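Take a look at the structure set out below.
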Amino acid sequence: MKNNILKSKSNNGKKNQWFNIKTVLLAGVLALTSCESNLDKINENPNDQASIDPKYLLTFVSKYTFQVDGDNMYASRMMIGTDGENSYQYMKWNSASFEVYTKALLNTGKMMQEAEKTNNKNYQAIGKFFRAYHFFNISLKVGSAPYSEAAKGEAGITQPKYDTQEAIMSGILSELKEANDLINTNDKIEGDIVYNGDALKWKKLINSFRLKILITMSKKTKVGNYNIANEFASIVGSQSLMTSVADNGELKFADAADSRYTMFNNSGYGSSLYMADYFINMFKDRHDPRLFTFAAQTTGAKEAGKALTDFTAYNGGNPTSPYSDNAALITAKNISKVNDRFYKDATNEPASVLSYSELEFILAEATARGWISGSAKTHYDNAIKASFNFYQTYVKNPGQYFAGFDVNQYLATPLVVYNNSDPLQTQLEKIMTQKYMTMFHQSQWTSYYDYLRTGYPNYPLKAGVAAPFRFRYPQSEYNYNSGNLNAALANQYGGNDNINSKPWWLQ
324 MKNNILKSKS NNGKKNQWFN IKTVLLAGVL ALTSCESNLD KINENPNDQA SIDPKYLLTF
384 VSKYTFQVDG DNMYASRMMI GTDGENSYQY MKWNSASFEV YTKALLNTGK MMQEAEKTNN
444 KNYQAIGKFF RAYHFFNISL KVGSAPYSEA AKGEAGITQP KYDTQEAIMS GILSELKEAN
504 DLINTNDKIE GDIVYNGDAL KWKKLINSFR LKILITMSKK TKVGNYNIAN EFASIVGSQS
564 LMTSVADNGE LKFADAADSR YTMFNNSGYG SSLYMADYFI NMFKDRHDPR LFTFAAQTTG
624 AKEAGKALTD FTAYNGGNPT SPYSDNAALI TAKNISKVND RFYKDATNEP ASVLSYSELE
684 FILAEATARG WISGSAKTHY DNAIKASFNF YQTYVKNPGQ YFAGFDVNQY LATPLVVYNN
744 SDPLQTQLEK IMTQKYMTMF HQSQWTSYYD YLRTGYPNYP LKAGVAAPFR FRYPQSEYNY
804 NSGNLNAALA NQYGGNDNIN SKPWWLQ
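Numbers 324 to 830, taken from our numbering, label the letters of the sequence shown in order.
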């Protein structure tokens, strides 16, 4: 099996690019050799008591967290590879990585410890957000995982126990509730490359992410002591939430060393990565101009002189077909590459972990499910408008894509228009389809997890191939923490570490 292109060609670069402490420098203005050595010690030796200013750790963890993960776009039927069998495209992936424990969670914990020395509650609150974000994603990938004893090498815990998925989800909801109570406008937040020290925006992100966790648990009634629907309604009714794209939880890139867009200069994008027809056809069927910002014209259409905004100038490959069949479309000049801005523009667009658009889709779903009152259509329409606003704001020369476009007319077209009186499944299909259409290079694996829990949109799958529910545990856990791992496997999956074993949140 050929190497995964994005993983082999971008992740190695990402490791060099983002794990070096020099990433805490904005545009290379400062020289922090001592901080580099301190952070290296902390990563290598959890018992090291070195001190480091939490602002540097905040920058480091933020840059690590807010990167684009391209692998999910194969699994989510957005992109295809043409020079080998991509494991994500063909639903054959294997083990997860627990790298996040040492790169993000250990440094987050250190940031919180350092903040306690000066009683800065904001770093502690933001640390709780990062903990919640990463443990949420770890657990969705594998199921049970080290949580309550994780990243506690200083306390002598080198083989942490595994907590159940329910305990993790309940725990991070509590941590986010604590974070909401801690965040304040008095304590300074330096080193903040996400919100530039704006505590209120962090508060909005924290509470909005609480809603994301709850909606992801939609198959459950309770998580620990939390009644999901009641907790959701309580947060909506009493807490600060995102209200515009200005509140997006996103990282803006800069054309400077170690600060450029994740996929900038990625060789795979320039050679063998193309668009999936399933994704492209959603935009073509709806005459949705966001397509032009994602995809390039086919070579044949370009040679024929077709306009950039001609929907017939775009075509994708079948994600379930053999890669050689899709490669043949290249020879036929009838397949679209990814828009070259994703690998030629050093700043491109911000990368989000949670956007205002996604929040509005979450609110639309909760309204459709009867968790909160109001109009699901209003939230749905707001979400789509916010998505267009995002691309019209950040895509260079947006007029070439959106000239003459009227979003209100788009919302009234048959495949897009939302009806509050439709059956729940019809409403969910509308919400999930449009939510999916906003997530090209955004929000990491969210679209795939939405598919697993709702069935929408209905991904094409090769006959006899099931969509995996999870990743296997990494080999490092078998090597160094096998006792706790095997106990967790026995409790969850009857001892079988299989990608088709269904975790608690989907049962």
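Quick reminder that beta carbons are idealized off the backbone N, C-alpha and C, glycines included.
The model shown is predicted, which means the values in this text are computed figures rather than measured ones.
Please state whether DSSP places residue i in a helix, a strand or coil.
i, result
"Asp486", "strand"
"Gly778", "coil"
"Glu573", "strand"
"Pro737", "coil"
"Arg400", "coil"
"Gln830", "coil"
"Lys535", "helix"
"Val788", "coil"
"Gly628", "coil"
"Gly476", "helix"
"Asp611", "coil"
"Leu496", "helix"
"Leu329", "With a pLDDT of only 35 at Leu329, under the threshold of 50, the placement of this residue in the model should not be trusted; the figure read from the coordinates follows. Correct three-state label for Leu329: helix."
Have a look at residue i and residue j and give me their C-alpha separation to the nearest angstrom.
i, j, result
"Lys825", "Leu775", "10 angstroms"
"Ser563", "Ser799", "41 angstroms"
"Ala478", "Glu472", "9 angstroms"
"Met760", "Phe602", "8 angstroms"
"Thr736", "Asp729", "11 angstroms"
"Tyr666", "Gly591", "9 angstroms"
"Lys543", "Leu463", "14 angstroms"
"Val571", "Leu614", "Position check: residue 571 holds Asn in this sequence, whereas Val was assumed. Approximately 22 angstroms between the Cα atoms of the pair."
"His764", "Asn809", "35 angstroms"
"Tyr679", "Ala468", "29 angstroms"
"Leu596", "Thr405", "7 angstroms"
"Lys500", "Ile506", "10 angstroms"
"Leu523", "Asn649", "48 angstroms"
"Gln748", "Pro780", "11 angstroms"
"Thr481", "Glu422", "15 angstroms"
"Lys338", "Gly697", "Note that Lys338 scores 34 on pLDDT, short of 50, meaning its location in the model is unreliable; the coordinates nonetheless yield the value given after this. Roughly 45 angstroms separates the two Cα atoms."
"Pro673", "Phe587", "13 angstroms"
"Ile344", "Ala706", "With a pLDDT of 33 at Ile344, under the threshold of 50, the predicted position of this residue should be treated as unreliable, and no value is reported."
"Ile516", "Gln390", "13 angstroms"
"Ala599", "Asp773", "19 angstroms"
"Ala687", "Leu534", "12 angstroms"
"Lys700", "Val384", "37 angstroms"
"Gly494", "Ile538", "16 angstroms"
"Lys859", "Asn503", "The question about residue 859 has no answer, for the chain in this structure spans 324 to 830."
"Lys758", "Gly818", "36 angstroms"
"Lys753", "Tyr379", "43 angstroms"
"His610", "Val740", "13 angstroms"
"Ser805", "Ser420", "15 angstroms"
"Ser557", "Ile529", "15 angstroms"
Which one or two residues does DSSP pair with residue i in a beta bridge?
i, result
"Lys545", "Asn550"
"Met435", "DSSP output for Met435 lists no bridge partner at all."
"Arg795", "Ser418"
"Lys660", "Tyr597"
"Ala674", "Leu574"
"Pro645", "None, per the DSSP bridge assignment."
"Pro469", "Tyr485"
"Ala618", "Val661"
"Gly640", "Ala599"
When you measure from the CB of residue i to every non-hydrogen atom of the ligand ADP, does any distance come out below 7 angstroms?
i, result
"Ala619", "No copy of the ligand ADP appears in this structure; indeed no ligand is present at all."
Taking Cβ positions, are residue i and residue j nearer each other than 8 angstroms?
i, j, result
"Ile695", "Val559", "yes"
"Tyr411", "Asp394", "yes"
"Phe792", "Asn823", "yes"
"Asp820", "Tyr796", "yes"
"Lys785", "Thr643", "yes"
"Leu738", "Thr777", "no"
"Tyr771", "Ala398", "yes"
"Arg454", "Thr431", "yes"
"Ser675", "Glu573", "yes"
"Ala618", "Asn662", "yes"
"Phe555", "Ala448", "no"
"Leu652", "Ser531", "no"
"Met435", "Tyr446", "yes"
Only counting the same chain, and skipping five residues up and downstream in sequence, which positions put a Cβ closer than 6 angstroms to that of residue i?
i, result
"Val718", "Thr616"
"Lys484", "Glu472 and Asn807"
"Asp704", "Leu734"
"Val568", "Tyr679, Ala709, Asn712 and Phe713"
"Ala552", "Trp694"
Report all residues from its chain with a CB closer than 8 angstroms to the CB of residue i; omit the five preceding and five following residues, and keep chain order.
i, result
"Thr670", "Lys575, Phe576, Ala577, Asp578, Arg583 and Tyr584"
"Met492", "Phe459, Ser462, Ile536, Met540, Val546, Gly547 and Trp828"
"Thr621", "Ala636, Tyr637, Asn638, Lys656, Asn657, Ile658 and Ser659"
Report all residues from its chain with a CB closer than 7 angstroms to the CB of residue i; omit the five preceding and five following residues, and keep chain order.
i, result
"Ile685", "Leu534, Lys535 and Ile538"
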